[in-house]
Amino acid sequence: VSVLDFSASVPAWQEVVGEQGVGPGRRFGHALAVSTLGWAVLHGGAPSVASRSQGPFLADLWVTNTSNASSGWSLAPATKEPEARVDHGMAVVGSTLLLFGGRSANEPNGTADLHTLTLESGMLSPLQWTHQVG
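To convert, note that position 101 of the sequence shown is 1039 in our numbering; the numbers rise steadily by one, no gaps.
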């Protein structure tokens, strides 16, 4: 992931890199959303094109501060995580992250579940997903 820095007189791209290569790594079919709090949040996907079809799928949640490209990626601790999945969608509304649908090992033809997560300024304290039943 790269961040376009508009604070300089000439905008420039900066790659977000973690310490000693720490980060989400190469993946396919993941979801990424950016909040007005300055956080980019990445969830799930598959580690290869081949696994995007049949798994294994990922359920990890990574965050980075988009206003500071040198801050790098961090694995965010979370509870009640959604099932590992690919090809899902994410969006941020206010301070709420919405994760919808995708395909999982249990739902290979797709799911219509909705999970929410409240984004906080710290983002590295334990976060709790909520499965919205409707």
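The beta-carbon is built from N, C-alpha and C at its ideal position, and this holds for glycine as well.
A residue is called buried when at least 16 other Cβ atoms come within 10 angstroms of its Cβ; Arg965 meets this threshold and is buried. For Ser989, the enclosing alpha helix (DSSP H) starts and ends at 987-992.
Contact check for Thr1054 against Gly1039 fails: the beta carbons are separated by 8 angstroms or more. In this structure Thr1004 is buried. Its beta-carbon is surrounded by 16 or more other beta-carbon atoms within 10 angstroms. Taking C-beta atoms as the reference points, Val1001 and Trp977 count as a pair closer than 8 angstroms.
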